[in-house]
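Before any comments, here is the structure.
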Amino acid sequence: DAKTTQPTSMDCAEGRAANLPCNHSTISGNEYVYWYRQIHSQGPQYIIHGLKNNETNEMASLIITEDRKSSTLILPHATLRDTAVYYCIVSPGGNNAGNMLTFGGGTRLMVKP
Amino acid sequence: GAVVSQHPSWVICKSGTSVKIECRSLDFQATTMFWYRQFPKQSLMLMATSNEGSKATYEQGVEKDKFLINHASLTLSTLTVTSAHPEDSSFYICSALSGGGTDTQYFGPGTRLTVL
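Chains as they are written, first to last, in my numbering: chain F, 248 to 360; chain Y, 63 to 178.
Structural data, given as C-alpha cells:
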C-alpha cells in the first residue's frame, strides 16, 4: 500500500508556480521523500528527493515540514511540458534491495495556457 | 542525470511465444534493478527486484517461472515473458538504482508489449 496521499488532479496556469502537496504522516525516520513524474506513455522521471531539509535543483524545490508528515513539490514556472502525473513516494535510503518504490495514484497536473 | 535504456520500445507477439526485454544502465553501474508493470490508467506495480549475480526477488502474485529475470552484469538486466498471453499485454518499465550516496532509482522509457 502507498504510504502517501496526494490530490487526484490539479490545474496550473502556464508561467505560474505549481505547488503539489503530499501527506506522509506515517513516514519513518529513515525514509526519504522522493518525487517522480510520468508523462504519458513514458517511464517515470526522477525530480528530487529529500530527508528532512528543503531541497532545490534545476527542476524543482522540495519543502518538507518540520515534523516530516507532509511535503510540497514546487515547480517555479510551470510550462505546458510539465503536464504529467506526479508521484510522491516515501522509501528508505541506502543502496540495498529494500529501496523499492511503491507508486500510488499520484497527482495529475494539467498546465493550461 | 543517469540514463537507463530499454529495448525494444514496443513489441507485438503471438500468444504462446516468449519475449525478452532488455534494461541497460548506460552511464552507471547498478547492482540492483527493478521491473514494474503498468496497465492502462493504473499506476506502476513492482514485479520483481533484480540483483546482479543472484536470483531475483518477486512480488506476491508474480509468477517467477513466467517472468524470467536475469541480471548478469552491472549494467544489464533482462525480463523474459514466457508463453505470453493477451493478459500479459502491458507497459513494462525497468529502473536501476544508482549508488554512490545518491540512492536514486532511474527509470527506463518502458516497453509496450501487445500479445495477440
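Every residue gets a Cβ at the ideal spot worked out from N, C-alpha and C, and that includes glycine.
In this chain, the beta strand (DSSP E) harbouring Thr173 (chain Y) covers 173 to 177.
Residues are counted here when their Cβ sits less than 9 angstroms from a Cβ of chain Y; for the stretch 280 to 297 of chain F these are Tyr281, Tyr283, Gln285, Ser288, Gln289, Gly290, Pro291, Gln292, Tyr293, His296, given in chain order. Note on the stretch 83 to 116 of chain Y: whole beta strand (DSSP E) runs with a minimum of 3 residues are 94 to 100, 107 to 113, in chain order. Separation of the CB atoms of Trp97 (chain Y) and Tyr154 (chain Y) is rounded to 7 angstroms, and the pair is thereby assigned contact status at 8 angstroms. DSSP, reduced to helix, strand and coil, places Arg328 (chain F) within a helical segment of the structure shown. Lys299 (chain F) sits away from His271 (chain F), with the two beta carbons spaced by 8 angstroms or more. In this structure, Tyr333 (chain F) sits away from Arg263 (chain F), with a CB-CB distance that is not shorter than 8 angstroms.
For Ile131 (chain Y) and Gln122 (chain Y), the gap between their C-alpha atoms comes out near 15 angstroms. Contact of Ser105 (chain Y) with chain F is assigned, a C-beta pair being separated by under 8 angstroms.
Residue nearest to Glu84 (chain Y) within the set Y:Thr93, Y:Ser157, Y:Lys128, Y:Ser151 is Y:Ser157 (criterion: CA-CA distance). The contact set of Pro148 (chain Y) on chain F, defined by CB atoms closer than 9 angstroms, is empty, because the minimum CB distance reaches about 20 angstroms. When the five nearest sequence neighbours on each side are left out, the beta carbons in the same chain lying within less than 6 angstroms of the beta carbon of Tyr120 (chain Y) are those of Ala110, Lys126, in order along the chain. In this structure, Gly290 (chain F) lies away from Ser105 (chain Y), with their beta-carbon atoms at least 8 angstroms apart.
With contacts defined as CB atoms closer than 8 angstroms, Ser67 (chain Y) and Ala146 (chain Y) fail to qualify as a contacting pair. In the structure shown, Asp165 (chain Y) falls within a coil segment according to DSSP collapsed to helix, strand and coil. For a cut-off of 8 angstroms, the C-beta gap from Val337 (chain F) to Ile311 (chain F) is around 11 angstroms, too long to register as a contact. Leu356 (chain F) and Leu322 (chain F) have their alpha carbons spaced roughly 11 angstroms apart. With respect to the C-alpha of Gly351 (chain F), the residue from F:His287, F:Trp282, F:Ala265 having the closest C-alpha is F:Trp282.
For Pro339 (chain F), the secondary structure class from DSSP, reduced to helix, strand or coil, is strand.
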